[in-house]
Amino acid sequence: KAIYKVHLRPLKLAEPVTDEFAGRLAALTPGFSGADISNCCNEAALIAAREDCDVVELVHFEKAIERVIAGLERKSRVLSPEEKKTVAYH
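Numbers in our numbering are just positions in the sequence shown, counted from 1, shifted up by 55.
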């Protein structure tokens, strides 16, 4: 919770940063490092900006957490011959 509070402070949120709000986010991200939490907060702000929202809401954090866990979404991922060779040996 404390790490979330630090990273949430500079963001313009839909609701105030309370122990309850930080606790909800912490419950959604068990085992996240400080860097992962920082990435989630930054990603949530970027998602909110892309959606032309004035404030960052919980739904933006949920999308950001999904993105941090799963990585960047790739529409079409074609392996190069070198990557195929590496994967085959691996």
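For every residue, glycine included, the Cβ atom is placed at its ideal position computed from N, Cα and C.
- Query: Between which two residues does the alpha helix (DSSP H) harbouring L113 extend?
  - Reply: Residue mapping note: residue 113 aligns to position 58 of the sequence shown, counting from 1. For L113, the enclosing alpha helix (DSSP H) stretches over residues L113 to A125.
- The alpha helix (DSSP H) spanning T141 covers which residue range? Taking the first residue of the sequence shown as position 1, residue 141 is located at position 86. For T141, the uninterrupted alpha helix (DSSP H) segment begins and ends at P136 to Y144.
- By Cβ distance, which residues of its chain are closer than 6 Å to E112, with the 5 residues on each side in sequence left out? In the sequence shown, the residue the question calls residue 112 occupies position 57. Same-chain partners within the cutoff: A69.
- Query: So, helix, strand or coil for L68, using DSSP?
  - Reply: As a position in the sequence shown, residue 68 is number 13, starting the count at 1. Here L68 sits in strand by DSSP.
- Message: If the criterion is Cβ atoms closer than 7 Å, does the pair A77 and Y59 meet it?
- Response: Counting from one through the sequence shown, the residue named residue 77 turns up at place 22. Counting from one through the sequence shown, the residue named residue 59 turns up at place 4. Yes; because the gap between Cβ atoms is below 7 Å, this pair is in contact.
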